[in-house]
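Notes to accompany the following structure.
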Amino acid sequence: MYKKFTAVTTLVLPATLFFISALLPAASTADALQDNTDINFDDSQLEEEVAYPDWFKFSLGDLGDDLEEAKNSGKKGIVTYFGQKRCAYCEQFFKTSLANTDIQNYLRKHYDVIAFNIWGIDEIIDTDGKTHTERELSIKYKTNFTPSLVFYDSDGTPVFRLRGFYPPYKFRAALQFVTEEFYKKETFAEYFARANPGEYFLLGGLTERDFFLEHPLNLDQVRKNGKPTAVFFEQGNCHTCDLLHSGPLSQELSLQEIKKMNVVQLNMWADTVVTTPQGKKTTAKDWAKSLNIFYAPSILFFDADGKEIIRVDSVTHFYRLWGVMDYVNQKGYEKSKDYQDWRLKQRRTSL
C-alpha cells in the first residue's frame with residue numbers, strides 16, 4: 010500500500026501512543042505527543058556553542074577510574090557522550106530528552122555521564138587500557154553522528170551505543186533496555202518491537218516517490234550498474250517518515266544526490282521479497298531484523314560491491330541527510346577516516 014507524496018506533515022496517530030505507553034509505562038500520552046514537536050528543528054550549524062548540562066562530568070583521564078567513581082556512588086556504570094560545540098542535534102537532545110525530568114532522573118540515578126568533544130585532543134585511557142585522544146575515541150566507537158552515547162556496564166564493557174538524536178520516547182526506551190539488561194538476551198530492535206501494534210505499521214501506506222525502484226527487488230543485480238544503493242526502511246503510519254519526505258527529500262539539492270543512486274523503499278514489517286546486495290534472498294522484515302533496524306526511517310547506503318558504507322538511523326534533517334549522500338556519492342569513505350572527517354574537509358574546502 011502506498012500514498013501519494015505531499016509536502017504536508019501529519020501528527021502521529023493516537024493508536025501509536027497506546028502501544029508506546031504499553032512498552033514504556035513511564036511515558037505518558039502527553040510525552041509522546043510532545044515528541045512531534047521535539048523532532049522538528051533546523052539542523053544547520055549553530056551560531057552559539059552548546060553548553061553541557063551542569064550535571065555532566067569530565068573524565069579523570071582514565072575511564073576505568075571514572076567507572077569506579079560512578080560505582081562508588083551507587084551507579085550501574087558510565088555513559089560517554091560524544092558531541093560537537095555547534096551541533097543542532099546535540100542542542101535538541103539537551104532541550105528535549107535531558108530536559109524531561111523523568112528521563113534525566115532515571116539517567117542520573119544509574120549512570121555518570123562523561124562528556125567528550127569528537128574533535129578534542131585530550132588523551133583518555135579507555136576501559137580496555139588503551140590510550141586515545143577524544144577524537145580517536147570517537148572514531149573507535151564510530152560516532153559518525155552527534156550526539157552519540159556509549160553505555161558501559163559495571164565491568165567496563167561497552168554494551169550499547171546510540172548514534173544521533175532520537176525522540177524522547179525512543180531514548181527512554183534505550184535507557185530502560187540497557188539499565189534493565191535486556192541487551193543480554195535480545196537486540197534493541199527486538200526489545201522495541203514488542204511495542205509494535207501488529208498490523209498497524211504494516212497496513213499504513215508508505216509515501217510513494219518517483220525515485221524509488223519498482224518491485225520485485227534484486228539489489229545484487231541492481232548494484233552492478235556501478236551506483237551506490239540507498240535502502241529506505243520505513244513503516245506505515247509513520248510521522249518521522251512523513252517528515253523525511255516533506256522536509257529533506259523535498260529539497261532540490263537532496264534530489265540531485267538521489268539521482269546518482271539506486272534508491273529502494275521497504276516496509277520494515279512487511280514480507281516483501283527482496284534479494285540483498287550480497288545476493289541473499291529474504292524478506293524486508295527479516296532483513297531489517299538481521300540489520301538490527303530499530304528506527305523508522307532508517308537509510309542504509311551500500312557501495313557497488315554490496316558493502317554497507319554508512320547508515321542513518323536516527324532523526325535526520327536536510328543538512329545531515331544531504332551531507333551523508335554527498336559523502337557516499339563522492340566516495341568520501343575512501344578518502345577520510347570517517348564521515349565527520351569528510352565533512353570537516355568539505356567545509357574547509359568551501360571557505
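In this text, residue positions in the sequence shown follow our numbering: the first is 10, and each later residue adds one. All C-beta atoms in this analysis are idealised placements derived from N, C-alpha and C, irrespective of residue type, glycine included.
Sequence-distant residues of the same chain with beta carbon closer than 6 Å to residue i, five excluded per side
i      : result
ASN301 : THR196, ALA198
SER147 : PHE91, ILE127
TRP331 : LEU262, SER263
PHE221 : VAL272, GLN274
LEU253 : PRO306
LYS66  : ASP121, ILE123
LYS290 : THR284
TYR61  : ALA124
MET270 : LYS236, PRO237, ALA239
ARG232 : THR238, PRO286, ALA313, GLY315
SER345 : TRP351
ILE318 : PHE310, ASP312, VAL337, TYR342
ALA297 : PHE242, MET277
Inter-residue Cα distance where the pair is residue i and residue j
i      : j      : result
GLU266 : THR89  : 34 Å
PHE242 : THR140 : 37 Å
LEU171 : ASP111 : 19 Å
TYR388 : ASN234 : Beyond the ends of the chain as shown, which are 10 and 360, falls residue 388; an answer cannot be given.
GLY245 : ASN276 : 7 Å
ARG181 : ASP280 : 29 Å
SER106 : GLN113 : 7 Å
CYS96  : PRO156 : 8 Å
ASN338 : PHE125 : 30 Å
LYS80  : ASP164 : 10 Å
ASP312 : LYS236 : 7 Å
SER307 : ARG320 : 7 Å
THR249 : TYR304 : 9 Å
LEU353 : SER68  : 25 Å
PHE174 : GLY214 : 25 Å
ALA239 : GLU343 : 18 Å
TYR120 : LYS84  : 5 Å
ASN49  : GLN287 : 36 Å
ASP295 : VAL168 : 24 Å
GLN349 : PHE102 : 19 Å
ALA35  : ALA202 : A caution first: ALA35 carries a pLDDT of 41, below 50, which makes its placement in the model unreliable, though a value can still be read off. Computed Cα separation, rounded: 17 Å.
MET334 : PHE310 : 9 Å
ASP347 : ARG357 : 16 Å
THR216 : TRP351 : 31 Å
PRO23  : TRP64  : In this predicted model, PRO23 has a pLDDT of only 36, less than 50, meaning its place in the structure is not dependable; the value taken from the coordinates is given anyway. Their Cα atoms are separated by approximately 35 Å.
ASP385 : THR284 : The structure shown has nothing for residue 385, since the chain only spans 10 to 360.
THR292 : VAL159 : 31 Å
ALA204 : ASP251 : 21 Å
GLY341 : LYS118 : 41 Å
ARG218 : GLU189 : 41 Å
TYR192 : ASP51  : 33 Å
LEU423 : LYS104 : Nothing can be reported for residue 423: it is not among the residues displayed for the chain, which extend from 10 to 360.
SER53  : TYR200 : 33 Å
CYS247 : ASP322 : 14 Å
GLY86  : LYS268 : 45 Å
LYS149 : GLN355 : 22 Å
GLY138 : LYS151 : 19 Å
Beta bridge counterpart(s) of residue i as assigned by DSSP
i      : result
SER157 : PHE91, ARG172
PRO167 : TYR161
VAL272 : ALA239
ILE267 : ILE267 pairs with nothing; no bridge assigned.
THR284 : ASN227, LYS290
ILE48  : Looking at the DSSP assignment, ILE48 forms no beta bridge with any residue, so it has no partner.
ASN126 : GLY92
ILE133 : HIS141
ASP71  : ILE134
ASP363 : Any property of residue 363 remains undetermined from this structure, which presents the chain solely from 10 to 360.
LYS66  : ILE123
Distance cut-off 6 Å: residue i Cβ against heavy atoms of the ligand COA
i      : result
GLY129 : What this structure holds is no ligand at all, so the ligand COA is not there to describe.
Neighbourhood of residue i by C-beta distance below 7 Å, restricted to the same chain and skipping five residues each side
i      : result
PRO225 : VAL282
CYS99  : VAL59, GLY92, GLN93, THR155, PRO156
LYS316 : none
THR136 : LEU72, GLY73, LEU76, TYR161, GLY165
Close beta carbons around residue i, own chain, < 8 Å, minus the five adjacent residues each side
i      : result
ASP71  : ILE133, ILE134
LEU211 : GLN244, GLY245, ASN276, TRP278, ALA279
ARG362 : For the chain, the structure presents residues 10 to 360; residue 362 sits outside this window and is missing.
LEU116 : VAL88, LEU107, VAL122, LEU184
SER82  : ASP121
Original post:
Are the stretch 247-262 and the stretch 314-332 touching, with three or more C-beta to C-beta distances below 8 Å?
Top reply: With the cut-off at 8 Å, the stretch 247-262 and the stretch 314-332 touch.
Original post:
In the stretch 185-263, which residue ranges form an unbroken beta strand (DSSP E) of at least 3 residues, counting only runs that do not cross its ends?
Top reply: List check, beta strand (DSSP E) in window: 215-217, 238-243.
**OP:** Taking only runs that begin and end inside the stretch 288-327, name each unbroken alpha helix (DSSP H) of 4 or more residues, in chain order.
**Re:** Whole alpha helix (DSSP H) segments, 4+ residues: 293-299.
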